[in-house]
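I have placed the structure first, in the form of structure tokens, so that the comments after it can refer back to it.
Protein chains in written order, with the working numbering: chain A, 65 to 417; chain B, 284 to 490.
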């Protein structure tokens, strides 16, 4: 070690050590914090020369020049600190290190890592250059594959969401075609017979034909054609069946998801009001403001003897509402009141039905 | 006279079943609805003795979920699950929900009214197995329970990491099952496999 002009000890490198370092396949440069070079090997000088047009004279200036370089002399920067971490996924990574990567004129990829070495006796800066062509290529492929997989998964989810519907439509169409063909055949045969003077001889075969149509109708594969009953009318009909009326007050939501959530809450409230409070009337008050819908569901049932515990149905309802960004509050007036607040943009995360 | 609640969202099936019940002198149709979520309400005041419950009903409401609620609060009400879907898990789920019987609309020789009679006499009528389904180069019966579970998770769009957490196995085990599924079915990738399984209703991710 010999004293430098600024009081920092710069080691003198014996020839044997220098030769050994020059034979190292990567580049290495040790410098004082102010940039004065302590040690630099041949490979590092060659890499830096290709990139910035000179060898390492002042390590700090060289690093600044490397960081500012985008493309020159057939070389280009391909990654900086953060992106390089993502692509290369270096297991020895240290957050305090600075990283740069360049594509050289021969197509190889070199990474330069700058590390500040600091202990009680001295401070130095180390720059290491490594050929990461294979690692970079694999990292890039991995990154591209991950992007492809993500897109693939998005497509898969969308496909699965639609495939059940497509199946239903296919089944429905096939069933309709079968019914149409069978009915048509019988109608034509009946019409032909009716146009004759006497039906007697055709009656047995016509009867068999129509019986066949009825049997086929009964044994039809079940196309999942849904009926025309609206969710509300069926709910009102079922409530009426058990001797309960549901009164709606205020402006009803029009959004499908809001309605779906509201009917789920009404079903839960109705079930509990009838089962535990002997109610025969449910009142649903609805109000809309700028934030969304405020819905209160109360009944004429007996007040609860203790605070309602959220198990099963109520717990599931809360989860269902909260998944869509809505909220549920349980109040007493003096019977149980379910209060829903459903924002205008509920289900905006793609969960809308 | 047995009071029947019919839950069926397919209009043609509903008409056929309704006409069978109406023609019978042992059963009375008290209501015919499309949405399984309304079934529990219909059962509240003792007007129903027997529920004929479809699995996939209006607004994607599950008949199995509704049946479980009905049996929990009204074990005296008999529930018969009906489906045309060869979904592999329906029989197991129906048994776990406490349902009394199970009837495939399109498979087997059982007549629905006969299943109703036997169920009302206290018998449980269950098909011996899920109808087999050709899946690629194999038959669905060759798939193990674990493979079917993995397939269901894939059909829900889950990643291998999520599947491993759900099933309590390692990611490598999930990959092993997926690989076996692909070898058995001959499909090139998981998406082909999942699409075919969902297309043939072997897996219905929403139920």
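Beta carbons are placed, not taken as given, at the ideal position from N, Cα and C, and that holds for glycine.
The model shown is predicted, which means the values in this text are computed figures rather than measured ones.
Proximal chain A residues relative to residue i, where beta-carbon distance stays under 9 Å
{"i": "residue 393 of chain B", "result": "Residues of chain A passing the Cβ test: none, with the nearest at roughly 12 Å."}
{"i": "residue 346 of chain B", "result": "Per Cβ cutoff of 9 Å: no residues; residue 346 of chain B is ~12 Å from chain A at best."}
Contacts of residue i in chain A (Cβ-Cβ under 8 Å)
{"i": "residue 327 of chain B", "result": "306, 335, 338, 339"}
{"i": "residue 349 of chain B", "result": "Chain A residues near residue 349 of chain B: none, gap ~10 Å exceeds 8 Å."}
{"i": "residue 330 of chain B", "result": "305, 306"}
{"i": "residue 321 of chain B", "result": "298, 299, 302, 331"}
Closest residue to residue i among the options (Cα-Cα distance)
{"i": "residue 307 of chain A", "options": "A:325, A:334, A:323", "result": "A:334"}
{"i": "residue 378 of chain A", "options": "A:397, A:403, A:365", "result": "A:403"}
{"i": "residue 449 of chain B", "options": "B:463, B:429, B:465", "result": "B:429"}
{"i": "residue 305 of chain A", "options": "B:284, B:398, B:414, B:329", "result": "B:329"}
{"i": "residue 168 of chain A", "options": "A:406, A:386, A:140, A:82", "result": "A:140"}
{"i": "residue 177 of chain A", "options": "A:223, A:208, A:220, A:124", "result": "A:124"}
{"i": "residue 327 of chain A", "options": "B:480, B:321, B:314, B:285", "result": "B:321"}
{"i": "residue 419 of chain B", "options": "B:456, B:464, B:438", "result": "B:464"}
{"i": "residue 307 of chain B", "options": "B:285, B:327, B:293, B:296", "result": "B:285"}
{"i": "residue 483 of chain B", "options": "B:459, B:423, B:338, B:358", "result": "B:423"}
{"i": "residue 134 of chain A", "options": "A:108, A:113, A:165", "result": "A:165"}
{"i": "residue 470 of chain B", "options": "B:311, B:421, B:298", "result": "B:421"}
{"i": "residue 310 of chain B", "options": "B:332, B:379, B:406, B:343", "result": "B:332"}
{"i": "residue 434 of chain B", "options": "B:472, B:408, B:344, B:340", "result": "B:472"}
Contact set between residue i and chain B, taken where Cβ atoms lie within less than 7 Å
{"i": "residue 223 of chain A", "result": "478"}
{"i": "residue 6 of chain A", "result": "Since the first and last residues shown for chain A are 65 and 417, residue 6 of chain A lies out of range."}
Boundaries (first-last residue) of the alpha helix (DSSP H) holding residue i
{"i": "residue 459 of chain B", "result": "454-468"}
{"i": "residue 435 of chain B", "result": "428-438"}
{"i": "residue 336 of chain A", "result": "320-341"}
{"i": "residue 378 of chain A", "result": "376-387"}
{"i": "residue 354 of chain B", "result": "346-356"}
{"i": "residue 374 of chain B", "result": "373-379"}
{"i": "residue 317 of chain A", "result": "Where residue 317 of chain A is concerned, there is no enclosing alpha helix (DSSP H), given that its DSSP letter is neither H nor E."}
{"i": "residue 482 of chain B", "result": "473-482"}
{"i": "residue 402 of chain B", "result": "395-403"}
{"i": "residue 360 of chain A", "result": "That residue, residue 360 of chain A, is in no alpha helix (DSSP H); its beta strand (DSSP E) goes 356-363."}
{"i": "residue 304 of chain B", "result": "294-306"}
{"i": "residue 86 of chain A", "result": "79-86"}
Inter-residue CB distance, residue i and residue j (contact presumed, cutoff 8 Å)
{"i": "residue 288 of chain B", "j": "residue 319 of chain B", "result": "No, residue 288 of chain B and residue 319 of chain B are not in contact; Cβ-Cβ is about 11 Å, not under 8 Å."}
{"i": "residue 398 of chain B", "j": "residue 336 of chain B", "result": "Between residue 336 of chain B and residue 398 of chain B the Cβ distance is about 13 Å, and since that is not below 8 Å, they are no contact."}
{"i": "residue 462 of chain B", "j": "residue 425 of chain B", "result": "With 8 Å as the limit, residue 462 of chain B and residue 425 of chain B do not qualify as a contact, their Cβ atoms being about 15 Å apart."}
{"i": "residue 347 of chain B", "j": "residue 376 of chain B", "result": "5 Å"}
Amino acids of chain A, ordered along the chain, whose beta-carbon sits closer than 7 Å to that of residue i
{"i": "residue 324 of chain B", "result": "302, 303, 306, 331, 334, 335"}
{"i": "residue 316 of chain B", "result": "298, 302"}
Pair within 7 Å by beta-carbon distance, residue i and residue j
{"i": "residue 352 of chain A", "j": "residue 315 of chain A", "result": "yes"}
{"i": "residue 332 of chain A", "j": "residue 381 of chain A", "result": "yes"}
{"i": "residue 342 of chain A", "j": "residue 375 of chain A", "result": "no"}
{"i": "residue 299 of chain A", "j": "residue 390 of chain A", "result": "no"}
{"i": "residue 371 of chain B", "j": "residue 431 of chain B", "result": "yes"}
{"i": "residue 86 of chain A", "j": "residue 106 of chain A", "result": "yes"}
{"i": "residue 317 of chain B", "j": "residue 352 of chain B", "result": "no"}
{"i": "residue 193 of chain A", "j": "residue 91 of chain A", "result": "yes"}
{"i": "residue 111 of chain A", "j": "residue 93 of chain A", "result": "no"}
{"i": "residue 410 of chain B", "j": "residue 381 of chain B", "result": "no"}
{"i": "residue 368 of chain A", "j": "residue 401 of chain A", "result": "no"}
{"i": "residue 423 of chain A", "j": "residue 387 of chain A", "result": "Here chain A comprises residues numbered 65 to 417, so residue 423 of chain A is not present and cannot be evaluated."}
{"i": "residue 406 of chain A", "j": "residue 357 of chain A", "result": "yes"}
{"i": "residue 120 of chain A", "j": "residue 126 of chain A", "result": "yes"}
{"i": "residue 474 of chain B", "j": "residue 457 of chain B", "result": "no"}
{"i": "residue 369 of chain B", "j": "residue 402 of chain B", "result": "no"}
{"i": "residue 385 of chain B", "j": "residue 364 of chain B", "result": "yes"}
{"i": "residue 271 of chain A", "j": "residue 440 of chain B", "result": "no"}
{"i": "residue 438 of chain B", "j": "residue 486 of chain B", "result": "yes"}
{"i": "residue 476 of chain B", "j": "residue 338 of chain A", "result": "no"}
Contact list for residue i against chain B, beta-carbon separation under 8 Å
{"i": "residue 324 of chain A", "result": "342"}
{"i": "residue 220 of chain A", "result": "440, 474, 477"}
{"i": "residue 175 of chain A", "result": "In chain order: nothing, as chain B lies at least about 29 Å away."}
{"i": "residue 217 of chain A", "result": "440, 442"}
Start and end residues, beta strand (DSSP E) containing residue i
{"i": "residue 93 of chain A", "result": "91-95"}
{"i": "residue 113 of chain A", "result": "It is not in any beta strand (DSSP E) - residue 113 of chain A instead sits in the alpha helix (DSSP H) that spans 106-116."}
{"i": "residue 352 of chain A", "result": "345-352"}
{"i": "residue 395 of chain A", "result": "391-396"}
{"i": "residue 404 of chain A", "result": "400-407"}
{"i": "residue 516 of chain B", "result": "This structure cannot speak to residue 516 of chain B, because chain B is shown only from 284 to 490."}
{"i": "residue 100 of chain A", "result": "Where residue 100 of chain A is concerned, there is no enclosing beta strand (DSSP E), given that its DSSP letter is neither H nor E."}
{"i": "residue 185 of chain A", "result": "Neither: residue 185 of chain A is in no beta strand (DSSP E) and is coded neither H nor E."}
{"i": "residue 335 of chain B", "result": "333-337"}
{"i": "residue 384 of chain B", "result": "384-387"}
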